[in-house]
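Novice: Encoded as structure tokens, here's the structure I'll be asking about.
Residue numbers (my numbering), protein chains in the order written: chain H, 948 to 1225; chain L, 320 to 655.
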């Protein structure tokens, strides 16, 4: 009887190991990322050495080996990606062209798509990415770290005199971060209210008139064509009726810092330092 | 003029030129199949190498077939329009058919519809714009090609205004999709979608070829053609529907790719003569081969440079096509 029990137990253990093995072995070793903030996430999870393909706009931390370029802003290079033999391709609902994603799936690749529109979605997506990469505990930890730093920012700046701000993503036409975007969520942590919150679209294109009407206390200028040292003409230049212009509180920063991803606390700390001084 | 054309075109010449172009098209497809940003051999693909199989048969081949079908559609439709309107400038773009098709496709993108409905909307847009342009241009029951072209230009401007209107009210993601449509973009698609496209394009192509001898008569003027037993109104309707079907499907699949519809029929006219029985099929085959080669260049040229990017195929078609067209035109002027 006990022999039967023993062999039964042994069989159970063997089966358990046999079933858990593929799960463990399936943790993707070769990753293609189709969005800069996904690339940032993979590096922040400590899995950067598994990246074999990234977008043109991704950057690797200092010293890391640069993976191959496998996509531009919205279009994956299907042939190159197939050639890289990835175990997983991770894309976003915002950037990744549907047709190319379908083509990658037809080629038998496993493609996972995550949303990054709001800050909440971004944090969820970071956790989910860590899970599909077989490192869910690292994802939980990373999320905890990001949330901890955001809470610290809120504690430090939350009771400052509330200020209205606009976040400028693009010029000609002027494109702002509207409601329901990650920047709208993010600036709240450093005591700013999005002056463009009342618009009806996520990324409103606005005219100077509307900007004057918003009358922001602060303009955060993340428009892409910042060249250091060159004083570029902005639509609001010399429009003194805008409070931010009158008081010289136009803050230009590198848009690459403000990706919907693990860099966000760092970027917000720098922005807060520019606004409030150290 | 008609007698002269007939004396030039023998059935042997027709067969030789079209067979030659078909062989060139097949060679272009084979060449493009070997060309890509990644190493992948056909032999490996056929002997079970999954990676090579996916690169060649899932990524490369559908793209090549798409380019061939779109090239065939635009070039043969352009040739037919030029014959029908007796105007050298006629092409799906200038006539506003492409603009109408693009508007249909963009509206479908804005409404969040899939490819098949986008194609139907593009076809609808092409037909409606064709009818509108044709009715306005034909107002005094006498078709004036100049009025027709002018109407097309205005209609195009109107369509583009509406496209930009839709573009400003959709989400960022849909706006990108619309931008690709306007730039002209060839991306791999599923074989089912390609089959639908092939049905539209090859069906339209066959119809245009069947009408091609009557186009010769039409070249002499409506009255003369009618006196020789051609039902001019019916011929126009058939050709317009066939061409709109092709252009609508092509625009839905790949957006607005310029230059093929205008330049390829002209180049073929300079090379093979003005007889439409030869010109229409020859333009279709040459257009297909041209776009296959242009897309092969677009997807590989800059891939291994520091830019590491694909080019819009319209960049290649215009950059190669325009000078080629000039050279041929100049050579023809010299011989005359």
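The beta carbon of each residue, even a glycine, is placed where N, CA and C say it ideally should be.
Hey, is residue 1024 (chain H)'s beta-carbon within less than 8 Å of any beta-carbon in chain L?
Specialist: True, the Cβ-Cβ gap to chain L drops below 8 Å.
Novice: Among H:1193, H:1108, H:1086 and H:1153, which residue has its Cα nearest to the Cα of residue 1223 (chain H)?
Specialist: Residue 1223 (chain H) has its Cα closest to that of H:1108, out of H:1193, H:1108, H:1086 and H:1153.
Novice: Got a sec: does the ligand ADP put a non-hydrogen atom nearer than 7 Å to the Cβ of residue 338 (chain L)?
Specialist: This structure simply doesn't include the ligand ADP, nor any ligand for that matter.
Novice: Which two residues bound the contiguous alpha helix (DSSP H) that contains residue 335 (chain L)?
Specialist: Here the alpha helix (DSSP H) through residue 335 (chain L) covers 330-353.
Novice: Cutting at 7 Å between CB atoms, please list the residues of its own chain near residue 338 (chain L), excluding the five before and the five after it.
Specialist: Excluding sequence neighbours, residue 338 (chain L) sits near nothing in its chain.
Novice: Output yes or no for whether 8 Å exceeds the beta carbon distance between residue 1048 (chain H) and residue 1058 (chain H).
Specialist: Against a cut-off of 8 Å, the Cβ pair of residue 1058 (chain H) and residue 1048 (chain H) comes out as a contact.
Novice: Going along the chain, which residues of its own chain have a beta-carbon closer than 7 Å to the beta-carbon of residue 1164 (chain H), five neighbours each way excluded?
Specialist: The residues are 1110, 1111, 1112, 1190, 1191 and 1196.
Novice: Nearest by alpha-carbon distance to residue 402 (chain L): which of L:611, L:628, L:623 and L:597 is it?
Specialist: Selected option, being the one with the closest Cα: L:597.
Novice: Span of the beta strand (DSSP E) holding residue 1233 (chain H)?
Specialist: The structure shown does not extend to residue 1233 (chain H), since chain H spans only 948 to 1225, so no value can be given for it.
Novice: Since residue 1116 (chain H) is in the beta strand (DSSP E), which residue starts that stretch and which ends it?
Specialist: First-last of the beta strand (DSSP E) with residue 1116 (chain H): 1110-1117.
Novice: By the criterion of Cβ-Cβ separation under 7 Å, what are the contact partners of residue 374 (chain L) in chain H?
Specialist: In chain order: 1026, 1029 and 1030.
Novice: So residue 1170 (chain H) contacts chain L; which residues on that side make the cut at Cβ distance below 9 Å?
Specialist: Within chain L, no residue comes near residue 1170 (chain H); the closest Cβ sits about 16 Å away, beyond 9 Å.
Novice: Would you kindly check if the distance between the Cβ of residue 633 (chain L) and the Cβ of residue 577 (chain L) is under 8 Å?
Specialist: A contact, by the Cβ cut-off of 8 Å.
Novice: By DSSP, does residue 1141 (chain H) sit in helix, in strand, or in coil?
Specialist: Three-state DSSP puts residue 1141 (chain H) in a strand.
Novice: What are the boundary residues of the alpha helix (DSSP H) that residue 282 (chain L) is part of?
Specialist: Nothing in the structure corresponds to residue 282 (chain L), since chain L is present only between 320 and 655.
Novice: Closer than 6 Å by C-beta to residue 1021 (chain H): which residues in its own chain qualify, once you throw out the five before and the five after it? Chain order, please.
Specialist: Cβ within range, chain order: 1042 and 1044.
Novice: State the Cα-Cα distance for the pair residue 1206 (chain H) and residue 395 (chain L), rounded to the nearest angstrom.
Specialist: Cα to Cα, residue 1206 (chain H) sits roughly 47 Å from residue 395 (chain L).
Novice: Please check if any C-beta of chain H sits within less than 8 Å of the C-beta of residue 502 (chain L).
Specialist: Judged by the 8 Å Cβ criterion, residue 502 (chain L) is not in contact with chain H.
Novice: Does residue 632 (chain L) have its Cβ less than 8 Å from a Cβ in chain H?
Specialist: No, because no Cβ of chain H sits closer than 8 Å to the Cβ of residue 632 (chain L).
Novice: For a contact defined as C-beta to C-beta under 9 Å, what are the partners of residue 1047 (chain H) on chain L?
Specialist: Result: 506 and 507.
Novice: So for residue 1207 (chain H), helix, strand or coil by DSSP?
Specialist: Of the three classes helix, strand and coil, the one that applies to residue 1207 (chain H) here is coil, per DSSP.
Novice: Is residue 571 (chain L) near residue 426 (chain L), with beta carbons less than 8 Å apart?
Specialist: Cβ atoms of residue 571 (chain L) and residue 426 (chain L): not closer than 8 Å.
Novice: Return yes when the Cβ of residue 1133 (chain H) is within less than 8 Å of the Cβ of residue 1161 (chain H), no when it is not.
Specialist: Cβ distance not < 8 Å, so residue 1161 (chain H) and residue 1133 (chain H) don't count as in contact.
Novice: Using C-beta distances below 7 Å, list every residue in its chain close to residue 360 (chain L), excluding the 5 sequence neighbours before and after it, in chain order.
Specialist: Contacts found: 371.
Novice: If you measure from the beta carbon of residue 1156 (chain H) to each beta carbon in chain L, is any gap under 8 Å?
Specialist: It does not: the Cβ of residue 1156 (chain H) has no partner Cβ on chain L nearer than 8 Å.
Novice: What's the call for residue 968 (chain H), buried or exposed, on a 16-neighbour Cβ count within 10 Å?
Specialist: At residue 968 (chain H) the pLDDT is 48, less than 50, meaning the model places this residue with poor confidence and gives no usable figure here.
Novice: Label residue 641 (chain L) either buried or exposed according to how many other C-beta atoms from any shown protein chain fall within 10 Å of its C-beta, with 16 as the threshold for buried.
Specialist: When all chains shown are included, residue 641 (chain L) counts as exposed.
Novice: Since residue 1015 (chain H) and residue 999 (chain H) are thought to touch, with beta carbons under 8 Å apart, how far apart are those beta carbons, to the nearest angstrom?
Specialist: Their Cβ separation, rounded to whole angstroms, is 7 Å, which keeps residue 1015 (chain H) and residue 999 (chain H) in contact under 8 Å.
Novice: Counting only C-beta atoms, is residue 355 (chain L) closer than 8 Å to chain B at any point?
Specialist: In the displayed structure, chain B is absent; the protein chains listed are H and L.
Novice: What three-state label does DSSP hand residue 1039 (chain H) in the structure shown?
Specialist: Residue state, collapsed to three classes: strand.
Novice: So which of H:1208, H:1065, H:1088 and H:1080 has the shortest CA-CA distance to residue 1150 (chain H)?
Specialist: Selected option, being the one with the closest Cα: H:1065.
Novice: What are the residues that DSSP puts in a beta bridge with residue 1001 (chain H)?
Specialist: Residue 1001 (chain H) is bridged to H:1016.
Novice: Thinking C-alpha only, which one of H:1009, H:1004 and H:1181 is nearest residue 625 (chain L)?
Specialist: Of H:1009, H:1004 and H:1181, the residue nearest in Cα terms is H:1004.
Novice: With a 10 Å radius around its C-beta and 16 neighbouring C-beta atoms as the bar for buried, classify residue 487 (chain L) as buried or exposed.
Specialist: The residue in question, residue 487 (chain L), is exposed, as its Cβ has fewer than 16 Cβ neighbours within 10 Å.
Novice: Give me, in chain order, the residues of the same chain whose beta-carbon lies closer than 6 Å to that of residue 1117 (chain H); leave out the 5 immediate sequence neighbours on both sides.
Specialist: Here the set comprises 1170.
Novice: Any C-beta of chain H sitting closer than 8 Å to the C-beta of residue 377 (chain L)?
Specialist: Judged by the 8 Å Cβ criterion, residue 377 (chain L) is in contact with chain H.
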